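Have a look at the structure below before the remarks.
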Amino acid sequence: MAYVVTEPCINCKYTNCAAVCPVDAFREGPNFLTIDPLECIDCDACVPECPVEAIYPDDEVPEEWEHYIELNERLAENWQEHIINETKDEMEDADEWAEKEGKLDLLQEHWD
């Protein structure tokens, strides 16, 4: 089992979760974070740190976000060079985006 970052993270990218990860499992994309399932040790340290409640164990991801399990795996592989293990400023307007739903179309998979 690994932990999975889901939709609430899109356009927010709070990094408190990455800063507490003991194995550097987080990867950073342009407007989203992901967890590398091969690195995650299921320690649960990141979950309480996420202010938008975007992180779930892979067997507890809400049904409407189950596609994020595969998405995390794929993006973690694509973003291997973008390990994040410290707190950075969240995205501009993150607090406004935190409560919005239906953000998958806004996910940026590639760095410009």
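Numbering (my numbering), first residue to last: 11 to 122. Yeah, the Cβ is synthetic: ideal placement off N, Cα and C, and Gly gets one too. Quantities reported herein were computed from a predicted structural model and do not represent experimental measurements.
By the neighbour-count definition (other C-beta atoms within 10 Å, threshold 16), Leu48 is an exposed residue. Excluding the 5 residues flanking it on each side, Asp69 has same chain C-beta neighbours closer than 7 Å at Met11, in chain order.
Non-local C-beta neighbours of Cys50 in its own chain, meaning closer than 6 Å and more than five positions away in sequence, comprise Ala12, Tyr13, Ala35, ordered along the chain.
Following the DSSP letters along the chain, one finds Glu83 inside the alpha helix (DSSP H) bounded by residues 77 to 88. Approximately 18 Å separates the beta-carbon atoms of His77 and Arg37; this is outside 8 Å, ruling out the contact.
The segment 52 to 60 and the segment 84 to 98 do not touch, with fewer than three beta-carbon pairs separated by less than 8 Å. Contact between Lys23 and Glu74 fails: their C-beta atoms lie close to 21 Å from each other, not under 8 Å.
By the C-beta density criterion, Asp46 is buried, having at least 16 other C-beta atoms within 10 angstroms.
Secondary structure of Pro40 (DSSP, three-state): coil. Within the segment 13 to 75, the complete alpha helix (DSSP H) runs of at least 4 residues fall at 26 to 30. If you check the CB distance, Cys60 and Phe42 do not come in under 8 Å.
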